[in-house]
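Report on the structure given below.
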Amino acid sequence: MAQVPFLVIVGPSGVGKTTLYKMLLEEFQGFFELSVSCTTRKIRPHEIDGVNYYFITEEKFNQMKDEEAFLECATYVGNQYGTPCSEITRIQSKGKVPLLEIEVCGFQKIKSLGIPLYSVFVSTSDIDALRKRLVRRGSDEEQTVDKRIGRAVEEIAEAKHAGFSMILYNDVLEVAYKQLREQIIKWYGLKSEQ
0 MAQVPFLVIV GPSGVGKTTL YKMLLEEFQG FFELSVSCTT RKIRPHEIDG
50 VNYYFITEEK FNQMKDEEAF LECATYVGNQ YGTPCSEITR IQSKGKVPLL
100 EIEVCGFQKI KSLGIPLYSV FVSTSDIDAL RKRLVRRGSD EEQTVDKRIG
150 RAVEEIAEAK HAGFSMILYN DVLEVAYKQL REQIIKWYGL KSEQ
């Protein structure tokens, strides 16, 4: 039996990736499961270790990297992020499709391995609106917001040539989700509850 392609969601901080994938997980319960990544960044007040991320030390992250325990890993705004191979195995053993929320370079790494996947780059056509979202989120200092905006501009430019299956502009959430779910239904041959 052929391996069902992973679903990979990529995009700058604050663009709405988490909101969109949560909507997918809700609508298509039992089909997808989010792969929980490891990170060295500080936990935010609303986050839960092992649910949002596995929050680990730099030392532990580097040890896992040396042991080749990550499918992919990347540094983003001074913090390391990685997808543990064990997460993919865990999800697939349950008969579910891994849903990964990762960085552009992580997507490129997985793609280079020849792993079957569908990929969505979530973007915005309004960088000022993105900045406002990040500030409103309140989880980062102004300097970090500036770094995230700078990186967002780079990522949006990179995405145009990175070979994503779909580039999705999330300027209006309801419109973006409708476009995303229609594509997901087509890719995976799913039926919608709506």
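In numbering that gives the first Met the number 0, the protein residues as written are 0 to 193. C-beta atoms are modelled at their ideal positions from N, C-alpha and C, and glycine is treated no differently.
Buried or exposed (CB count within 10 angstroms, at least 16 for buried), residue i
i	result
I109	buried
A128	exposed
A175	buried
V7	buried
L172	exposed
I183	buried
G29	exposed
V50	exposed
P44	exposed
K16	buried
G162	exposed
Backbone secondary structure at residue i - three-state DSSP
i	result
V76	coil
E71	strand
I166	strand
Whole-Å CB distance - residue i paired with residue j, under 8 Å assumed
i	j	result
S34	L99	5 Å
P4	L116	5 Å
A151	P11	3 Å
(message) So, does the segment 76-92 touch the segment 34-49, judging by three or more C-beta pairs under 8 Å?
(response) yes
(request) Specify whether the segment 53-70 and the segment 140-157 touch according to this definition: at least 3 beta carbon pairs, one from each stretch, less than 8 Å apart. (result) no
(message) Would you call the segment 78-93 in contact with the segment 118-127, where contact means no fewer than 3 C-beta pairs closer than 8 Å?
(response) no
(request) Starting from the N-terminal side, write out each stretch of the alpha helix (DSSP H) that is 4 residues or longer and does not extend beyond the segment 77-125. (result) 84-92, 103-111
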